[in-house]
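Each remark here refers to the structure printed beneath this line.
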Amino acid sequence: MSKAPNMPKSWREETKPHKFCPGCGHGLVLKALGQAIDELGIQDRVVFGCDIGCSLLSFDFFNVDSVQTHHGRTTPVVTGVKRARPDRICIAYMGDGGGYAIGSQHLVNAAARNEKITVILANNCNYGMTGGQMAPTSLPGMKTETTPYGRDPEVTGYPTQGPEMVSAITREGAYVARGTVANVRQLKNYIKKALQNQVEGNGFSFVEALSGCPTNWSTNAKDTWAFIEETMPKYFKVGELKAPAKKEE
Amino acid sequence: MAKTVKIALAGEGGQGVQSVAGIMVGAANDKGREALYIPNFGVEQRGGVSVAFCQISDDKIGSPKFKKADLVIALSDRAVRRTTQYVDENTVFIYDSSIEDIEDDLPKNAKKVIGIPALDVAKKELHPRVFNVIIMGAAIEATHIVEMPEAKEALEKKLGYKFEQNPKLRPLNFTALEKGAELVKELL
Amino acid sequence: MAEKPIQGEKRVFMTGNEVAAWAALAAEADIMYGYPITPQNEIMHYWTRLSPKFDRGFLQTEDEISAGFTTCGGVLSGKRAFTATAGPGNTLMQESMTMAEMMRIPLVCVVQQRGGPSTATVIYSQQEATMTCYGGNGEGFRIVYSTSTHQELYDYVIKGFNTAWTYRFPTFVLGDGYQAKMRESLHIYDPATKGINMVATEPSLGLEGTPGVDRDPQHLRNTYNTEEELYEVVSELVADYEKAAPEIVEYQTFDTDDAEIVIVAHGIVTRAAQAAVKELREEGIKVGHFRPITLRPFPANELKEIASKAKKLIVMESAQGQFDRMVKHAIYGLTTPIEDYFKPGMGITSEEIVEYVKKGM
Amino acid sequence: MTTSAYKMLQVDTKKAVFTLFTGLCKGCGLCTQKCPVKTLDWSETLGVYGTPAVQPKNADDCTGCGMCAMVCPDCAITIERKK
Chain A
33 MSKAPNMPKS
43 WREETKPHKF
53 CPGCGHGLVL
63 KALGQAIDEL
73 GIQDRVVFGC
83 DIGCSLLSFD
93 FFNVDSVQTH
103 HGRTTPVVTG
113 VKRARPDRIC
123 IAYMGDGGGY
133 AIGSQHLVNA
143 AARNEKITVI
153 LANNCNYGMT
163 GGQMAPTSLP
173 GMKTETTPYG
183 RDPEVTGYPT
193 QGPEMVSAIT
203 REGAYVARGT
213 VANVRQLKNY
223 IKKALQNQVE
233 GNGFSFVEAL
243 SGCPTNWSTN
253 AKDTWAFIEE
263 TMPKYFKVGE
273 LKAPAKKEE
Chain B
414 MAKTVKIALA
424 GEGGQGVQSV
434 AGIMVGAAND
444 KGREALYIPN
454 FGVEQRGGVS
464 VAFCQISDDK
474 IGSPKFKKAD
484 LVIALSDRAV
494 RRTTQYVDEN
504 TVFIYDSSIE
514 DIEDDLPKNA
524 KKVIGIPALD
534 VAKKELHPRV
544 FNVIIMGAAI
554 EATHIVEMPE
564 AKEALEKKLG
574 YKFEQNPKLR
584 PLNFTALEKG
594 AELVKELL
Chain C
1153 MAEKPIQGEK
1163 RVFMTGNEVA
1173 AWAALAAEAD
1183 IMYGYPITPQ
1193 NEIMHYWTRL
1203 SPKFDRGFLQ
1213 TEDEISAGFT
1223 TCGGVLSGKR
1233 AFTATAGPGN
1243 TLMQESMTMA
1253 EMMRIPLVCV
1263 VQQRGGPSTA
1273 TVIYSQQEAT
1283 MTCYGGNGEG
1293 FRIVYSTSTH
1303 QELYDYVIKG
1313 FNTAWTYRFP
1323 TFVLGDGYQA
1333 KMRESLHIYD
1343 PATKGINMVA
1353 TEPSLGLEGT
1363 PGVDRDPQHL
1373 RNTYNTEEEL
1383 YEVVSELVAD
1393 YEKAAPEIVE
1403 YQTFDTDDAE
1413 IVIVAHGIVT
1423 RAAQAAVKEL
1433 REEGIKVGHF
1443 RPITLRPFPA
1453 NELKEIASKA
1463 KKLIVMESAQ
1473 GQFDRMVKHA
1483 IYGLTTPIED
1493 YFKPGMGITS
1503 EEIVEYVKKG
1513 M
Chain D
40 MTTSAYKMLQ
50 VDTKKAVFTL
60 FTGLCKGCGL
70 CTQKCPVKTL
80 DWSETLGVYG
90 TPAVQPKNAD
100 DCTGCGMCAM
110 VCPDCAITIE
120 RKK
């Protein structure tokens, strides 16, 4: 008879239930992250940074030292920590707005500099915390609060291909993947590889996670899964884009 | 010399006024005097009129820029027009006499306006590259902020490594310094 | 451990940007984060040449937003981290400075003011006074030293680190383009030889031990859910700032005891004012000069006392009234007439001050 | 640890013990959609937000695969397979 919830060891139980909405994908991404931290045994070394947007609600999520900063600025804050404390495993956690819009210059430049940090980005195709506005990742035709007639790519462009971009601008040693909350085990493995890449000091590591936002999508559980598993992959291909060459044994 | 000596050196970017200004005030500083040097600079990294504001004193120096200079040296037509604002009845104004059609733009209110053939001398007797050292010689003669041996010491300190590579440069620079002093000596 | 960058004390002749780099080095700064902008760029030039010899770090970021936030990250990691900027870069950096205010991140930032608004000039101004003291969405919980000489630039960069780490408010050394680019003499020294001990730093993140096992995790935030919650936090900031202010505030007076006319100026303009006072006094004119060294906190009481005895104040600055507003706010209630002498983006010389004072008599 | 504070809804199925921590369940229903045998359904028991929690409606159908636990964003479900 099990008595305790099966949370990752690195989760901080005192702050659970967490602050995310019912069915929010952040919980799953952070579960995968927590499991990855546990399996690598790095809880004592992790510094976790989070953005504004819903991701900020993770500031007290883990039993790891954490800092919440402004919208888009998690990458530089975490970069600052890593540069000052190279012995720490530094994780920048953000949403699609923080990574691909207001903080895109930081993502691009941290990747280009091959900062030895791990960026984990939840892509839910909209701005969640501010109430469902268009994000860089909103799909063509997708209705949001600021594209009430559907996103028109002629006017607002096409969804940002984050991992593809990061993959294109990083050098050997970088790790880039796109996972999905529909496959938590795979997502955990991607995140684990990304963190391992930092542990080994190979280079920048980046994982985008396709994630759900039932609140702003106004979807029930069935439609939430359908959007994540059927609609989003049409634009966002799940898989590993870049991994360091296997070290010779 | 209790009074603060104020010098404005102006030329085209590339004429080397900033480097000789730096050497000159450095020499004064080395003698334990108070010196302040500020280059004017614009958005562009090169080109345009370049002005070096120098002050040398026995006491701490006040504001880094000044209204009126004791000595203005202008080395191009644009530099002449730019620097007349720093001239009053106590100012010695030196310009290069090779600048054409400048008569009307020369200051009328200066204590003295002196044209010296520094560029000609540099080209014909020495080397165009030491034009700015001739100017430094003139500035030192006009102000005595340091004396000739100290000025040479400062040149040695700054350019010694070049002199080592090409020993001819040493007498060339020292001659240029002395020549500059000579050019103004009789006219002051 | 590498040797000390400066042994004892020595007289040097250098630019203010070089001074700032040497001061940070002497102050045992661990790492600089920065982005190039004129006229502060040579701070980075000198730092990148000197710092590797003493095992100090450097990161050139993609912009000043990043420079400010990486500095926050460095300080949170327990490092004596600093940055430097000017003009439009200072504008971008305000965002991170509010985070530093809210989260009590003791970073040090050297500002070399240039002309504004907008790109304007790369030369000089005092037009970043308001922004440096009160920029961003906040209340200006900062410490701002306005320096006037290279010696002060050196002294206050060192002091700035200690003030920051003692009181945990972001600390600025407010210089300007003249100070950045001009050369003059000063004495640089190893702080220890002057009895100055660098205040120990401590990390807020990346502490030893496993969080949740050996200790509680650090969960640092700057977001609050309710008005009440925020009000409580900000009230605490207010109380801490007000408690610290009397210990931090600094000013200088020159011949103010019997002064009928008091020139009020800060930063590099104080040099012109001091020289003018000297000259005018020789002519028997009863003029004095008051100079705040800290613009935040502002020496309001001290100025008020002097102003109450004067017949006239003249506020002089290379900006259109930014400093003037601080002065008027500080002495509100007095009826002493105030004259303004504003030269936005322009240097002020002692000659023009002498002329102005005489003309008004 | 505050584990003991959680109220549990336990269902003993043929192949596993299904445990739902009501203090963690927000009633999102993601698990119900992922249940391969479609046996998870809304429960009479309420979760942390006062909305229905979940439980296997037919205990014998549950295969103990653990999919529901895996997709729960709140770690509200545990599955303990019987030997």
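Chains as they are written, first to last, in the working numbering: chain A, 33 to 281; chain B, 414 to 601; chain C, 1153 to 1513; chain D, 40 to 122.
In this text, a Cβ means the ideal position worked out from N, Cα and C, and glycines have one as well.
In its chain, beyond the 5 residues on either side, Y1185, G1186, Y1187, T1213, T1235 have a beta carbon closer than 6 Å to the beta carbon of C/A1219.
Only those residues of the stretch 60-91 of chain A whose C-beta falls short of 7 Å from the nearest C-beta of chain C are listed: Q75, D76, V79, L88, F91. DSSP, reduced to helix, strand and coil, places C/H1481 within a helical segment of the structure shown. Interface annotation, C/Y1376: not in contact with chain A, CB-CB separation never under 8 Å. Put simply, the stretch 1407-1414 of chain C touches the stretch 1435-1451 of chain C. At least three CB pairs are less than 8 Å apart. Nearest C-alpha to B/V462 among B/A487, B/K571, B/P520: B/A487. Residue-level contact by beta carbon fails for A/C245 and chain D, as no gap is shorter than 8 Å.
One Cα belongs to A/E261, the other to A/A214, and the distance between them is close to 7 Å. Residue environment analysis places C/N1349 among the exposed positions, since fewer than 16 neighbouring C-beta atoms fall within 10 angstroms of its C-beta. The shortest CA-to-CA distance from B/A482 to any of C/V1509, C/T1501, C/G1512 is the one to C/T1501. Within the stretch 48-68 of chain D, the residues whose Cβ lies closer than 8 Å to some Cβ of chain A are Q49, V56, T58, F60, G62, L63, K65, G66, C67, G68, listed in chain order. Nearest C-alpha to B/K537 among B/V559, B/A589, B/D518: B/A589. Within the model, the alpha-carbon separation for D/T61 versus D/C101 is close to 19 Å.
Listed in chain order, the positions of the stretch 33-55 of chain A with a beta carbon within less than 9 Å of a beta carbon of chain D are M33, S34, K35, A36, P37, N38, M39, P40, W43, E45, E46, K48, P49, H50, F52, C53, P54, G55. In this structure, the alpha-carbon of D/A108 lies about 9 Å from that of A/N38. In this structure C/I1420 is in contact with C/S1300, their Cβ atoms being roughly 5 Å apart against a cut-off of 8 Å. Within the stretch 471-502 of chain B, contact with chain C at the beta-carbon level (separation under 9 Å) is assigned to K473, I474, G475, S476, P477, K478, F479, K480, K481. Just measuring C-alpha positions, the residue of A/E272, A/S243, A/S250, A/K266 sitting nearest A/G127 is A/S243. A/S199 sits buried, since 16 or more C-beta atoms from the chains shown fall within 10 Å of its C-beta.
For the 8 Å CB-CB criterion, A/P168 and A/R183 do not form a contact. Not one beta carbon of chain A lies nearer than 8 Å to the beta carbon of C/E1216. Secondary structure at C/V1296: strand, using DSSP grouped into helix, strand and coil. For D/A115, the closest of A/Q137, A/P49, A/V79 by C-alpha to C-alpha distance is A/P49. The Cβ atoms of C/S1277 and C/S1470 sit closer than 8 Å to each other. Closer than 8 Å to the CB of A/A116 there is at least one CB belonging to chain C. CA-to-CA, the gap between A/Q193 and C/C1261 works out to about 36 Å. Using a Cβ-Cβ distance cut-off of 8 Å, the stretch 1300-1309 of chain C and the stretch 1451-1462 of chain C are not in contact, since fewer than three pairs of beta carbons, one from each stretch, lie closer than that value. In this structure A/T101 touches A/D83 by the C-beta definition: roughly 7 Å separates them, less than 8 Å.
Here C/R1423 is buried: its Cβ has 16 or more other Cβ atoms, across all protein chains shown, within 10 Å. Neighbourhood of A/V216 in chain D, by CB distance below 8 Å: M109, V110, in chain order. Contact annotation, A/S87 with A/Y125: C-beta distance approximately 5 Å; criterion of less than 8 Å satisfied. Residues V1263, Q1265, E1280, A1281, T1284, V1296, Y1297, S1298, T1299, G1419, L1447 of the same chain have their beta carbon placed closer than 8 Å to that of C/L1326, with the five preceding and five following residues left out of the count. Between A/D97 and C/P1157, the C-beta spacing is not below 8 Å. In the structure shown, B/E591 adopts helical secondary structure according to DSSP, grouped into three states.
When C-beta distances to chain B are compared with 7 Å, every residue of the stretch 1251-1265 of chain C stays at or above that value. A direct Cα-Cα distance of roughly 59 Å separates C/M1254 from B/E554.
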